[in-house]
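Numbering (numbering that gives the first Met the number 0), first residue to last: 0 to 363.
No residue lacks a Cβ here, since even glycine has one placed at the ideal position from N, Cα and C.
Nothing here was measured: the structure is a model prediction, and the numbers come from that model.
Here the structure is laid out as structure tokens; the discussion comes afterwards.
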Amino acid sequence: MILFITRKHPPSIGGMQRLSRDLTRAVAKLTPTRTIAWGGSAALLPLFVPYAFVKALRTVPRDVQLVHLSDALLAPLGVALKRITHVPVVITVHGLDITYPNRLYQRFAPGWLRKMDRLISVSNHTREECLRRRIAPQQCEVIPNGVYAAEFAAPPSAEGIARLEQLAGEKMRGRKVLLTVGRLIERKGVAHFVANILPQIVAQQPKVCHVVIGEGPHHAAIERRIAEYGLDNHIAMLGQVDDATLKAAYHRADLFIMPNIPVPNDVEGFGLVALEAGASGAYVVANRLDGIPDAIVSGQNGTLVDDPRDFAPTVIELLTDEQRLAALGRSAHDYVAAHFDWSIIARRYLDSFERVIARRGIKD
Numbered sequence: 000m001i002l003f004i005t006r007k008h009p010p011s012i013g014g015m016q017r018l019s020r021d022l023t024r025a026v027a028k029l030t031p032t033r034t035i036a037w038g039g040s041a042a043l044l045p046l047f048v049p050y051a052f053v054k055a056l057r058t059v060p061r062d063v064q065l066v067h068l069s070d071a072l073l074a075p076l077g078v079a080l081k082r083i084t085h086v087p088v089v090i091t092v093h094g095l096d097i098t099y100p101n102r103l104y105q106r107f108a109p110g111w112l113r114k115m116d117r118l119i120s121v122s123n124h125t126r127e128e129c130l131r132r133r134i135a136p137q138q139c140e141v142i143p144n145g146v147y148a149a150e151f152a153a154p155p156s157a158e159g160i161a162r163l164e165q166l167a168g169e170k171m172r173g174r175k176v177l178l179t180v181g182r183l184i185e186r187k188g189v190a191h192f193v194a195n196i197l198p199q200i201v202a203q204q205p206k207v208c209h210v211v212i213g214e215g216p217h218h219a220a221i222e223r224r225i226a227e228y229g230l231d232n233h234i235a236m237l238g239q240v241d242d243a244t245l246k247a248a249y250h251r252a253d254l255f256i257m258p259n260i261p262v263p264n265d266v267e268g269f270g271l272v273a274l275e276a277g278a279s280g281a282y283v284v285a286n287r288l289d290g291i292p293d294a295i296v297s298g299q300n301g302t303l304v305d306d307p308r309d310f311a312p313t314v315i316e317l318l319t320d321e322q323r324l325a326a327l328g329r330s331a332h333d334y335v336a337a338h339f340d341w342s343i344i345a346r347r348y349l350d351s352f353e354r355v356i357a358r359r360g361i362k363d
């Protein structure tokens with residue numbers, strides 16, 4: 000049996016929460032599992048770690064062969080569980096959980112992670128960050144995030160469509176829609192996009208609307224850029240939305256855009272939203288940065304932009320050919336379904352777990 004311990008899980012909202020839900024669900028279809036999860040307020044998270052530790056100690060004797068921790072911040076819990084139970088521990092490393100710019104964390108976290116039986120990095124970029132911290136190459140494996148492609152491809156619900164219409168219908172009506180989904184932080188590049196790229200697109204494609212879903216500390220900065228450049232009629236800031244509304248937005252989008260910018264010690268570990276968009280039939284335009292190239296293959300499910308100056312021309316060119324864009328959207332879905340569906344990714348996780356368990360058996 001595999002024991003999953005995750006500190007970010009529904010009903011709380013976010014990409015890591017969806018990943019946690021989908022990974023545990025997918026692996027449970029292949030082998031017996033149990034999950035210890037926290038889906039509440041982050042303010043109460045310090046209480047979850049001792050709770051998870053005690054509950055894990057009670058659970059491990061019941062035929063648990065391996066413990067999987069959802070991210071590197073739980074590494075101290077993994078060290079303690081290994082020391083007491085001698086059960087192998089695997090951690091998925093995402094990005095910021097390895098590069099977090101705190102001197103104390105950077106002093107101790109690499110040592111904790113070296114004690115794990117395996118680190119699963121969501122991208123090659125994240126694996127490189129692990130190697131930079133002197134974690135052994137043979138300890139690090141790359142398995143990308145997954146997506147339930149068929150669920151995203153299915154038509155959105157009437158409720159989701161109605162809610163999207165209520166939030167942004169007036170601005171979207173009769174317009175090409177560019178969609179961005181994610182936490183509003185600097186590296187997502189939304190403020191930069193509004194100031195430097197969107198004006199170029201609007202000049203060539205006046206009937207365009209940029210829909211932004213998510214919340215975060217850069218919300219006010221984005222609003223200032225919108226006012227400064229007079230783009231209020233071309234941007235709809237929706238904040239956090241429920242899954243039905245998010246799905247409706249993916250299906251309404253003509254293009255999904257990821258205008259990420261480089262920020263020291265804050266990386267895009269993978270880009271799960273790129274898979275969700277592609278599975279929904281939306282072609283992606285993204286800057287070639289951090290772990291994004293592990294989620295997007297140019298010409299398959301999106302276009303990776305090497306020179307940021309080419310971002311606006313790329314979007315404009317794609318918007319001018321509706322038939323080509325529709326075909327690219329269908330191709331994006333097919334590519335994501337063939338390479339990133341959870342039926343494939345969960346099997347890779349289980350294969351990795353089984354190799355760790357077998358190796359531990361040989362050592363014992």
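- Taking a C-beta distance under 9 Å as the contact criterion, residue 269 and residue 179 do not qualify as a contact pair.
- The DSSP-derived three-state label of residue 14 is helix.
- Annotation: residue 279 to residue 201 spans about 25 Å, alpha carbon to alpha carbon.
- Of all C-beta pairs linking the stretch 188-208 to the stretch 117-129, fewer than three are shorter than 8 Å, placing the two stretches out of contact.
- With contacts defined as CB atoms closer than 9 Å, residue 293 and residue 146 fail to qualify as a contacting pair.
- Counted as a single uninterrupted DSSP element, the alpha helix (DSSP H) harbouring residue 328 occupies residues 321-339.
- Judged by DSSP in its simplified three-state form, residue 221 adopts helix.
- No Cβ-Cβ contact shorter than 9 Å links residue 285 with residue 252.
- Shown here, residue 185 sits in a helix according to DSSP, grouped into three states.
- Residues 280, 281, 282 of the same chain have their beta carbon placed closer than 8 Å to that of residue 328, with the five preceding and five following residues left out of the count.
- Per the Cβ contact rule, the stretch 233-241 is in contact with the stretch 157-173 (3 or more Cβ pairs under 8 Å).
- In this structure, 116 is the residue among 105, 116, 195 with its C-alpha nearest to the C-alpha of residue 355.
- By the CB criterion at 9 Å, residue 55 and residue 4 fall inside the cutoff.
- Annotation: residue 341 to residue 85 spans about 30 Å, alpha carbon to alpha carbon.
- Here residue 246 is buried. Its C-beta has 16 or more other C-beta atoms within 10 Å.
- The three-state secondary structure of residue 68, taken from DSSP, is strand.
- With contacts defined by Cβ atoms closer than 9 Å, residue 53 and residue 73 do not form a contacting pair.
- Annotation for residue 177: the continuous beta strand (DSSP E) segment containing it runs 175-180.
- At a cut-off of 3 residues, the continuous stretches assigned as beta strand (DSSP E) that sit fully inside the stretch 231-293 are 234-238, 254-257, 283-286.
- Between the stretch 38-48 and the stretch 61-70 there are fewer than three C-beta pairs closer than 8 Å, too few to call the two in contact.
- Between residue 2 and residue 346, the CB-CB gap reaches or exceeds 9 Å.
- 213 is the residue among 213, 188, 250 whose C-alpha sits nearest the C-alpha of residue 235.
- Sixteen is the threshold: since fewer than 16 other Cβ atoms of the shown chains lie within 10 Å of the Cβ of residue 107, the residue is exposed.
- Assignment of residue 26 by DSSP, reduced to helix, strand and coil, places it in the helix class.
- Using a 10 angstroms sphere on the CB of residue 169, the tally of other CB atoms stays under 16, which defines it as exposed.
- By the C-beta density criterion, residue 197 is buried, having at least 16 other C-beta atoms within 10 angstroms.
- At a Cβ-Cβ threshold of 9 Å, residue 188 and residue 260 count as neighbours.
- Listed as beta-bridge partners of residue 140 by DSSP are 119.
- Taking C-beta atoms under 8 Å as the contact rule, residue 90 and residue 77 qualify, at a distance of about 6 Å.
- Counting only residues of its own chain and dropping the five nearest sequence neighbours on each side, residue 96 has a CB closer than 7 Å to the CB of 70, 71, 72.
- With a threshold of 16 other beta carbon atoms within 10 Å, residue 231 falls short and is exposed.
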